[in-house]
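Colleague: Chains C and B, in that order, are what the protein sequence lines are.
FYI, this note's numbering numbers position 81 of the first sequence as 116, with every residue one higher than the one before it.
FYI, this note's numbering numbers position 229 of the second sequence as 825, with every residue one higher than the one before it.
Glycine is no exception: its CB is placed at the ideal position from the N, C-alpha and C atoms.
A single structure is presented below for examination.
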Amino acid sequence: MTENKKAILLSITLFVVFLIVGELITSTGERNKKNMTEYEQLMGMGETQAHVPGPIEVFKHALSELSDPFYDNGPNDKGIGIQLLYSIARVMAGYLLSVIIALPIGFLIGMSPVFYKALQPYIQILKPISPLAWMPLALFVIKDSVMSSVFVIFICSIWPMLINTAFGVMSVKKDFLNVAKTLEMSSLKTAFQIILPAALPTIFTGLRISMGISWLVIVAAEMLVGGTGIGYYVWNEWNNLDLASVVFSIIMIGFIGMFLDSLISRSSKYFNYQE
Amino acid sequence: MPVNSLDDPFSEKSDLSHGAGCSCKSCHSADVEMVQNLPHTEEEMVNRFVETSVVKSIFGGNDVKRRQFIRTVGAGVFRAALLSVVPLGALQSCINDTKKKVESGGSSKLGASKLEKIKLNIGFVPITCATPIIMSKPMGFYEKYGLDVDVIKTAGWAVARDKSLNKEYDASHMLTPMPLAMTMGAGSSSVPYVMPAVENINGQAICLHNKHKDKRDPKMWKGFKFGVPFEYSMHNFLLRYYVAEHGLDPDKDIQIRVVPPPEMVANLRAGNLDGYLSPDPFNQRAVYENVGFLHMLTKDIWEGHPCCAFACSQEFVTNNPNTYSALFSAIIDATHFSSQQENRAQIAEAIAPKNYLNQPASVIAQVLTGKYADGLGNVLNEPNRIGFDPFPWHSMGVWILTQMKRWGYVKEDIDYKKIAEQVYLAAECGAKMKEMGYDAPSTTYKKHTIMGKEFDPNFPEEYVNSFDIRVK
């Protein structure tokens, strides 16, 4: 067996084991009692209790949600497809904004070691701040909940891009730059023809990390602000202790995250530069 | 009646030239299949009439030109282009509303045609206190007063406050102390808010975790972690009052945490809270999930205490007097409707779905009808578990302010009555209730009794100082 085949086999085995164990350790929440007293009836003994769903139940739920992903029953009840589109749109807006700002600034910082050292402490302080900590400030200052979530994505995703761009630019081999000098290339030409291609792999790593962070942030932000989006969907189902929906949306969040990540990593292949 | 002239004006195939007494074949044919594009209900007819007259006027009444034009550009493009310059929807609803007003004999002074704003966003937190605000949407109370309202679910009170301050919401479901706090700038920037109506009275409960079934005496609650929905809430003030009357200092002996209502049950289950004084349906939901039991209803702390309210900014009232008035009427009407015990089961059905409270209908019904399981093995019948009464007593506002003073939320000396009168529009609410034919009290101050102790709104400062346990 080739290595690939082994890996696929192992993957499938893990999945099957996970399904079986999942099905065994979860309950259905059924408490169907016949001949209930009035008290038992009011306690909901005849109806399912909130419970952790097994894989089969989640699968059934996923089927019913995905068969009609774009329904719209008013402002507080929309299909999973619509919610995901809202979230993706917000992520894209915040992410693109930070790309536009982080790449040029990162480039400049990387070209000047003084700038790099001077800004380093600020970046290190701002980088680890949680999106939820930014939210109250953003809501108060921006006075618009959608723009606030876009801002929070922007502020959380900008740092890895900035650092990686600067780092990539800084670590371009001195030999390359010396050759450029020998050939009397203009500084603009050096930047675009020597530094940029050499720094691209590092820059793309930053872009990938940032995309991952943006997708993490949007769920938290929407849970807090509500209204629309996949984060709101999770929150709304949590209120009702409907864990099948919560597990289903967790899976959907994972799939979309994977999709967004592969989008960046695939496009990086077109720009990759080999020594 | 020949209504062929009301055929679709956006279709190139329709002929709008049939007048009264038209003698053409289609006007006399009884074949309804042929004219399925025609409007059927009265409202549709009015809508179509507005469309038709606008379209006709564009082409100077020349039907041949109209059809030629539509054939060239296409019906969809034409309709879209027209809609971008003429607010057809608004015109149609204006005329329909005015027509209804005239038919129902309503005063033309409040004519819906003068509404400054028809499309409104109203925020709510998914709890039964908001019943009148929520049910007005599915049960058509907003529509009845010519408003097109979206009710928007909000994750918690802080977000509801911020979205209101940001004007994303035109009006919002709030807690009765919130507009007072916002007006004074306590815990937020100071923006004048008004509270035209209270939503519900009573309707809250102290719910404890099942492991505390033997600790029914509050004296045994030292070290407990309690959840309340918001700092500026009746829940916080009632819980503090209740434990203080039993000799516990709420700031030292117990821990009070702010937890958004929808997250209460999950926190109780996780053992993160020992109990909470929270809005329903989350007390009943804890019982239903076998996580907690109802220690007591808040109606037994203060019978008839206010809880949630309908509030909006002073600015909204000033800029949109007619819209505000219509909205106010809708809320009073709905509140009155919910106060009738016989409507409660029907309301529970209407507000249970995902779009609104997203809870099992049985839980909501237990809260609203007052026939409920307490989690200790008893079925209780308490029709006054929750009540709905819009009148915002100034004395209630004064009481809330005394508690804010008592627990140190406001430090400086305040003019209790002045603030209460500025924010709680009791006189206005009374007038509105009378106008709509409901009974309204003639005074705005009265004495309240809370856990056997009388509160006289004329002596607020003395009342604050009469408590031993307070922030000094």
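Counting only beta-carbon separations shorter than 8 Å, does B:K950 have a partner in chain C?
Modeller: Numbered from its first residue, the second sequence carries residue 950 of chain B at position 354. For B:K950, the answer is yes, since a Cβ of chain C falls inside 8 Å of its Cβ.
Colleague: Roughly how many whole angstroms lie between the Cα atoms of C:G289 and C:F105?
Modeller: Taking the first sequence and counting its residues from 1, the one referred to as residue 289 of chain C is at position 254. Taking the first sequence and counting its residues from 1, the one referred to as residue 105 of chain C is at position 70. So the alpha carbons of these two residues sit roughly 19 Å apart.
Colleague: Which residues mark the beginning and the end of the alpha helix (DSSP H) in which C:S300 is found?
Modeller: By 1-based counting over the first sequence, the position of residue 300 of chain C is 265. Unbroken alpha helix (DSSP H) run through C:S300: 278-306.
Colleague: Helix, strand or coil for C:S183, going by three-state DSSP, please let me know.
Modeller: For this step, residue 183 of chain C is matched to residue 148 along the first sequence. Correct three-state label for C:S183: helix.
Colleague: What does the Cβ neighbour count give for B:K895, buried or exposed, with the cut at 16 atoms within 10 Å?
Modeller: To locate residue 895 of chain B, count along the second sequence from 1; it is residue 299. Buried, by the Cβ-count rule.
Colleague: Give the interface partners of C:P110 over in chain B, defined as CB-CB distance under 9 Å, in chain order.
Modeller: Position 75 of the first sequence, counted from the first residue, corresponds to residue 110 of chain C. Residues of chain B passing the Cβ test: N717, D746, V747, I748, K749, N951.
Colleague: Under 8 Å, do B:P857 and B:I723 count as touching if we go by C-beta distance?
Modeller: Here the question's residue 857 of chain B lines up with position 261 in the second sequence. Here the question's residue 723 of chain B lines up with position 127 in the second sequence. It is a contact, given that the beta carbons lie within the stated cut-off.
Colleague: The stretch 262-283 of chain C: which residues have C-beta closer than 7 Å to a C-beta of chain B, in chain order?
Modeller: Here the close residues are G262, W270, N271, W273, N274, N275, L276.
Colleague: What residue range does the alpha helix (DSSP H) around B:C1025 cover?
Modeller: Reading the second sequence from its first residue, position 429 is the one you call residue 1025 of chain B. B:C1025 -> alpha helix (DSSP H) spans 1022-1031.
Colleague: Does the stretch 258-275 of chain C come within contact of the stretch 219-233 of chain C, defined as at least 3 CB pairs closer than 8 Å?
Modeller: Segments in contact, no.
Colleague: Should B:Q664 go down as buried or exposed, given a rule of 16 or more other Cβ atoms within 10 Å for buried?
Modeller: For the purposes of this step, residue 664 of chain B is taken as the residue at position 68 of the second sequence. Answer is exposed; the Cβ neighbour count stays below 16.
Colleague: Just by C-beta distance, which residues in the stretch 165-195 of chain C are closer than 8 Å to chain B?
Modeller: Going along the stretch 165-195 of chain C in chain order, one finds P171, L174, F175, K178, D179, S180 with a Cβ nearer than 8 Å to chain B.
Colleague: According to the Cβ coordinates, are C:F202 and C:G145 closer than 8 Å?
Modeller: Along the first sequence, one-based indexing puts residue 202 of chain C at 167. Along the first sequence, one-based indexing puts residue 145 of chain C at 110. Contact flag set, yes.
Colleague: For B:Q942, does the three-state DSSP call read helix, strand or coil?
Modeller: Within the second sequence, numbered from 1, the residue matching residue 942 of chain B stands at position 346. B:Q942 falls in the helix class under three-state DSSP.
Colleague: Evaluate B:N711 with the Cβ neighbour count: other Cβ atoms within 10 Å of its Cβ, from every protein chain shown; 16 or more gives buried, anything less gives exposed.
Modeller: To locate residue 711 of chain B, count along the second sequence from 1; it is residue 115. As written in the sequence, residue 711 of chain B is Leu, which differs from the Asn given in the question. Buried.
Colleague: Ends of the beta strand (DSSP E) at B:E1050?
Modeller: What you label residue 1050 of chain B is simply residue 454 of the second sequence in a count that begins at 1. That run of the beta strand (DSSP E) goes 1049-1051.
Colleague: Can you check whether the C-beta of B:K759 is within less than 8 Å of a C-beta belonging to chain C?
Modeller: Here residue 759 of chain B corresponds to residue number 163 of the second sequence, with the count starting at 1. Closer than 8 Å: yes.
Colleague: Measuring only between beta-carbons, confirm whether B:Q955 sits less than 8 Å from chain C.
Modeller: Translated into positions along the second sequence, residue 955 of chain B becomes position 359. It does: the Cβ of B:Q955 has a partner Cβ on chain C nearer than 8 Å.
Colleague: Would you check if there are 3 or more beta carbon pairs closer than 8 Å linking the stretch 909-927 of chain B to the stretch 840-855 of chain B?
Modeller: Contact fails: fewer than three Cβ-Cβ distances are below 8 Å.
Colleague: Mapping the DSSP letters down to three states, classify B:P875 as helix, strand or coil.
Modeller: Along the second sequence, one-based indexing puts residue 875 of chain B at 279. In the structure shown, B:P875 sits in a strand (DSSP, three-state: E or B).
Colleague: Looking only at C-alpha atoms, which of C:I286, C:L242, C:S303 sits nearest to C:L101?
Modeller: To locate residue 101 of chain C, count along the first sequence from 1; it is residue 66. The option with the nearest alpha carbon to C:L101 is C:I286.
Colleague: Answer yes or no: the CB of B:Q936 versus the heavy atoms of the ligand GTP, is any distance below 7 Å?
Modeller: In terms of ligand content, the structure shown is empty, and the ligand GTP therefore cannot be addressed.
Colleague: Would you mind reading off the limits of the alpha helix (DSSP H) that contains B:E1066?
Modeller: Counted from its first residue, the second sequence places residue 1066 of chain B at position 470. Before going on, a small fix: residue 1066 of chain B reads as Arg here, not Glu. Note, B:R1066: premise wrong, no alpha helix (DSSP H); not H, not E.
Colleague: Out of B:D604, B:V646, B:H769, state which residue places its alpha-carbon closest to the alpha-carbon of B:L923.
Modeller: What you label residue 923 of chain B is simply residue 327 of the second sequence in a count that begins at 1. Residue B:H769 is the option with its Cα nearest to B:L923.
Colleague: What separation, rounded to the nearest whole angstrom, lies between the Cα atoms of B:L835 and C:K162?
Modeller: Start at 1 with the first residue of the second sequence, and residue 835 of chain B comes out as number 239. Start at 1 with the first residue of the first sequence, and residue 162 of chain C comes out as number 127. Each residue's alpha carbon lies about 40 Å from the other.
Colleague: According to DSSP, B:S925 sits in a beta bridge with which residue or residues?
Modeller: Position 329 of the second sequence holds residue 925 of chain B. Looking at the DSSP assignment, B:S925 forms no beta bridge with any residue, so it has no partner.
Colleague: Just checking: is the beta-carbon of B:S909 within a distance shorter than 8 Å of some beta-carbon in chain C?
Modeller: Position 313 of the second sequence, counting from 1, holds the residue named residue 909 of chain B. No, its Cβ sits nowhere closer than 8 Å to a Cβ of chain C.
Colleague: Quick one: what does DSSP say B:L743 is sitting in, helix, strand or coil?
Modeller: Here residue 743 of chain B refers to the residue found at position 147 of the second sequence. If DSSP states are grouped into helix, strand and coil, B:L743 belongs with coil.
Colleague: In this structure, how does DSSP classify B:R812 when only helix, strand and coil are distinguished?
Modeller: Numbered from its first residue, the second sequence carries residue 812 of chain B at position 216. In the structure shown, B:R812 sits in coil (DSSP, three-state: anything other than H, G, I, E or B).
Colleague: So, with DSSP's three-state summary, where would you put B:Y789?
Modeller: Residue mapping note: residue 789 of chain B aligns to position 193 of the second sequence, counting from 1. In the structure shown, B:Y789 sits in a strand (DSSP, three-state: E or B).
Colleague: Would you mind stating whether B:F984 and B:S935 have Cβ atoms separated by less than 8 Å?
Modeller: Sequence index remark: in the second sequence, residue 984 of chain B carries index 388 (1-based). Sequence index remark: in the second sequence, residue 935 of chain B carries index 339 (1-based). Contact: yes.
Colleague: Measuring CA to CA, which of B:M1029, B:S653, B:M791, B:Q800 is closest to B:F933?
Modeller: Translated into the one-based positions of the second sequence, residue 933 of chain B becomes position 337. Looking at the Cα atoms, B:M1029 is the closest of the given residues.
Colleague: Going by CA-CA distance only, name the one from B:E841, B:E1024, B:N806, B:D1064 that's closest to B:V913.
Modeller: Counting from 1 along the second sequence, the entry for residue 913 of chain B is found at position 317. It is B:E1024.
Colleague: In the DSSP assignment, the alpha helix (DSSP H) including B:L972 goes from what residue to what residue?
Modeller: The sequence position of residue 972 of chain B within the second sequence is 376, counting from 1. Unbroken run through B:L972: none, as it is neither H nor E.
Colleague: Measuring only the C-alpha atoms, how far is B:E629 from B:L612?
Modeller: One-based indexing of the second sequence puts residue 629 of chain B at position 33. One-based indexing of the second sequence puts residue 612 of chain B at position 16. Since pLDDT at B:E629 reaches only 46, below the 50 mark, its modelled position is unreliable, and no value is offered.
Colleague: Taking 8 Å as the threshold (C-beta atoms), are B:C904 and B:N796 in contact?
Modeller: Looking up residue 796 of chain B in the second sequence gives position 200. Looking up residue 904 of chain B in the second sequence gives position 308. Going by C-beta atoms, B:N796 is nearer than 8 Å to B:C904.
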